[in-house]
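In full-length UniProt numbering, the protein residues as written are 1 to 337.
Data first, discussion second: the structure below is written as structure tokens.
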């Protein structure tokens, strides 16, 4: 919609919506009453004083016609308000692009344009605030991962080395118990390393997206026992670091949701070009039936907004769940920092 559509004439200021609507309603009612007056004036029908019984049907028909014409014109004039109300009820800032088209009703064009502009501002502000929040979250994850690896991991390693020296000098009747303690500490060290790896995907930085997705699928299968079939296109277009991180986090969160809620026995992850656009798809054979977005899905939608991508979740009851992320061609122009 161009700006000239919301002005009465070039160079003039737009009329206030309330004033414009009042003028339209006044004009419609005036037109109906004027038409009714003209019809009565030129028609052979007459009205006596007092009104005769035979003239009542004529008056009733005339009144009904005027009311019907008035209702039809008003309904058509105010139809954009119904559409605007419907849009207000369904609008969700995590699902961008939902706008009301200009219906050609010049009196309400300014109102429609103003509402659409408000949605543009809110979506931009939501995307910017999400970018700051997620950037801070990633920074905090990296800090915690470093502390787990450098401090707790090193401390557990020192404990393992000390236990090994104790086991070498311990009496035979204590060896089995000390070996059990060793295995417990070793398992704790492995778990700390896994948590640190999930918090900070070093494999993504060192080996790239292909290796990172393979690693997250392997870790998921090992922890959950759910088999994951993966198909990652080796020659996908070059992506920015921010886009690769969003892809990795959405894949990670989708697999986590499968393990927690889906009751699935197998899953599939694919990254391929569809209709000229890179598409990440994660599906499972679980129970499906996701009716509304939980915290995990809303978090994925926020990440998708950062790179201008579109996330859809299809979850028919009993038919599994499919999470689909479509990356725009210029996705590396993200506001995510």
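Ideal Cβ placement from N, Cα and C applies to all residues, glycine included.
>> So residue 264 and residue 297 are supposed to be a Cβ contact under 8 angstroms. How far apart are they, rounded?
In response: At roughly 16 angstroms, the Cβ-Cβ gap does not stay under 8 angstroms, so residue 264 and residue 297 are not in contact.
>> Helix, strand or coil for residue 227? Go by DSSP, reduced to three states.
In response: Reduced to three states, the DSSP call for residue 227 is strand.
>> If contact is defined by three or more beta carbon pairs under 8 angstroms, each pair taking one atom from either stretch, is the region 185-193 in contact with the region 217-225?
In response: Contact fails: fewer than three Cβ-Cβ distances are below 8 angstroms.
> Taking DSSP as the reference, what is the three-state secondary structure of residue 326?
Replying inline: strand
>> I believe residue 233 touches residue 283 by the beta-carbon criterion, under 8 angstroms. Please report the beta-carbon distance rounded to the nearest angstrom.
In response: At roughly 16 angstroms, the Cβ-Cβ gap does not stay under 8 angstroms, so residue 233 and residue 283 are not in contact.
> Which one or two residues does DSSP pair with residue 267 in a beta bridge?
Replying inline: 228, 284
>> Could you tell me the alpha carbon to alpha carbon distance between residue 326 and residue 83, rounded to whole angstroms?
In response: So the alpha carbons of these two residues sit roughly 29 angstroms apart.
> Who pairs with residue 272 in a beta bridge, going by DSSP?
Replying inline: 279
> In this structure, does DSSP put residue 63 in helix, strand or coil?
Replying inline: If DSSP states are grouped into helix, strand and coil, residue 63 belongs with the helices.
>> For residue 311, list the residues DSSP reports as bridge partners.
In response: 325
>> At the level of alpha carbons, what is the spacing between residue 206 and residue 212?
In response: 9 angstroms
>> For the alpha helix (DSSP H) containing residue 250, name the first residue and the last one.
In response: 241-257
> Is the beta carbon of residue 305 sitting closer than 8 angstroms to the one on residue 127?
Replying inline: yes
>> Going by beta-carbon coordinates alone, are residue 160 and residue 204 separated by less than 8 angstroms?
In response: Contact annotation: residue 160 and residue 204 have beta-carbon atoms that are not nearer than 8 angstroms.
>> Taking only three categories from DSSP, how would you classify residue 100?
In response: coil
> What's the gap between the Cα of residue 87 and the Cα of residue 25?
Replying inline: Their Cα atoms are separated by approximately 24 angstroms.
> Going by alpha carbons, who is nearest to residue 276 out of 250, 329, 257, 287?
Replying inline: Looking at the Cα atoms, 329 is the closest of the given residues.
>> Tell me which residues share the same chain as residue 319 and place their Cβ nearer than 7 angstroms to its Cβ, disregarding the 5 neighbours each side in the sequence.
In response: Taking C-beta separations shorter than 7 angstroms and ignoring five residues to either side along the sequence, the partners of residue 319 in its chain run 288, following chain order.
> Taking just the CA atoms, how far does residue 27 sit from residue 301?
Replying inline: 47 angstroms
> Since residue 121 and residue 199 are thought to touch, with beta carbons under 8 angstroms apart, how far apart are those beta carbons, to the nearest angstrom?
Replying inline: Residue 121 to residue 199, Cβ: 34 angstroms. No contact.
>> Between the alpha carbons of residue 162 and residue 175, how many angstroms are there, rounded?
In response: 14 angstroms
>> Tell me the rounded alpha-carbon separation between residue 321 and residue 258.
In response: 9 angstroms
> residue 297 lies in the alpha helix (DSSP H); which residues open and close that run?
Replying inline: 295-306
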